[in-house]
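Numbering (our numbering), first residue to last: 104 to 374. The beta carbon of each residue, even a glycine, is placed where N, CA and C say it ideally should be. Note that the structure is a prediction, hence the values are computed from the model and not measured.
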């Protein structure tokens with residue numbers, strides 16, 4: 104049966120809450136009947152959804168499908184938007200479960216910080232005198248958030264970012280982007296696409312002009328820079344959010360790439 108493309112899924116908001124600087128969640132575990140999204144505006148928390156056990160911070164969205172246990176614990180006081188939704192098509196009809204596309208489950212990380220902050224600002228605009236229109240506006244804002252995700256994974260037609268001509272390397276890039284902020288090995292990526300580790304390195308370098316390790320490091324350090332500039336997380340917390348073992352190792356990698364320590368970077372780039 105034909106599946107809807109991700110950008111053809113239109114989320115309709117059924118529940119909205121905005122939490123600011125919360126030190127703990129009301130529930131350690133919950134199971135919802137609808138799709139649930141946590142959009143993190145600040146702080147960080149650890150969570151478990153299925154096989155995904157990791158942390159989330161600013162720039163991350165956490166998707167939990169219906170009927171799946173979602174466990175979470177605050178690491179540092181967290182600000183977030185809690186969104187529940189159903190999926191509609193472009194004619195306003197609910198998409199049957201067997202026609203839903205490969206929707207994300209667990210954490211996805213967005214890189215467009217400015218656009219994300221604009222979306223979060225739009226979520227907070229609310230007038231008690233126009234409750235109905237505020238709900239409609241927030242549903243449209245949720246759709247903007249979803250389209251931003253679709254754009255960043257290359258789902259939208261207008262996305263003109265160059266894609267690797269080699270389908271195996273394109274698959275490797277997608278896997279690295281998906282797992283970049285978790286602890287994983289590039290050997291596992293090579294195995295998943297049917298290459299040896301050395302074949303992956305040589306082929307990746309030939310197609311993209313960069314090794315897979317350098318590509319992974321660039322993704323992690325870009326997120327580290329964003330968290331240093333835009334949050335008050337300490338180095339160990341940031342390392343956990345970026346897929347590194349601890350703050351000491353992150354600091355060593357950071358200094359090797361930028362000729363300054365993470366704390367020096369934070370001092371120079373805080374607003």
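Taking C-alpha atoms, which residue in the options lies nearest to residue i?
i: residue 122; options: 201, 337, 146, 247; result: 146
i: residue 205; options: 256, 361, 172; result: 256
i: residue 347; options: 199, 276, 134, 319; result: 319
i: residue 194; options: 112, 116, 283, 314; result: 112
i: residue 118; options: 163, 189, 212; result: 189
i: residue 184; options: 325, 362, 224; result: 224
i: residue 343; options: 360, 285, 305, 332; result: 285
i: residue 268; options: 228, 309, 282, 332; result: 309
In terms of residues, what are the limits of the alpha helix (DSSP H) holding residue i?
i: residue 241; result: 234-255
i: residue 316; result: 315-333
i: residue 343; result: 338-345
i: residue 143; result: Taken as a continuous stretch (DSSP letters only), residue 143 belongs to no alpha helix (DSSP H), being part of the beta strand (DSSP E) at 138-152.
i: residue 222; result: 216-227
Can you tell me which of the three DSSP states residue i falls into?
i: residue 208; result: coil
i: residue 304; result: helix
i: residue 202; result: helix
i: residue 196; result: coil
i: residue 287; result: coil
i: residue 370; result: helix
i: residue 128; result: coil
i: residue 276; result: helix
i: residue 359; result: helix
i: residue 299; result: coil
Note the first and the last residue of the continuous beta strand (DSSP E) segment covering residue i.
i: residue 125; result: 113-125
i: residue 163; result: 163-167
i: residue 158; result: 155-160
i: residue 183; result: 173-191
Cβ atoms of residue j and residue i: under 8 angstroms apart, would you say?
i: residue 249; j: residue 114; result: yes
i: residue 275; j: residue 303; result: yes
i: residue 334; j: residue 161; result: yes
i: residue 166; j: residue 132; result: no
i: residue 209; j: residue 253; result: no
i: residue 311; j: residue 271; result: no
i: residue 139; j: residue 175; result: no
i: residue 241; j: residue 226; result: yes
i: residue 164; j: residue 213; result: yes
i: residue 144; j: residue 150; result: no
i: residue 222; j: residue 202; result: no
i: residue 336; j: residue 179; result: yes
Rounding to the nearest angstrom, what Cα-Cα distance links residue i and residue j in this structure?
i: residue 264; j: residue 280; result: A caution first: residue 264 carries a pLDDT of 46, below 50, which makes its placement in the model unreliable, though a value can still be read off. Near 15 angstroms, if we compare the C-alpha coordinates of residue 280 and residue 264.
i: residue 351; j: residue 338; result: 8 angstroms
i: residue 364; j: residue 329; result: 14 angstroms
i: residue 182; j: residue 120; result: 11 angstroms
i: residue 367; j: residue 157; result: 27 angstroms
i: residue 152; j: residue 125; result: 21 angstroms
i: residue 307; j: residue 322; result: 16 angstroms
i: residue 315; j: residue 292; result: 10 angstroms
i: residue 372; j: residue 355; result: 19 angstroms
i: residue 287; j: residue 198; result: 34 angstroms
i: residue 259; j: residue 296; result: Below a pLDDT of 50, predicted positions are generally treated as unreliable, and residue 259, at 44, falls in that range; no measurement from the model is reported.
i: residue 219; j: residue 300; result: 36 angstroms
i: residue 362; j: residue 170; result: 47 angstroms
Would you say residue i lies against chain D (beta-carbon separation less than 8 angstroms)?
i: residue 321; result: Absent here is chain D; the protein component of the structure consists of one chain.
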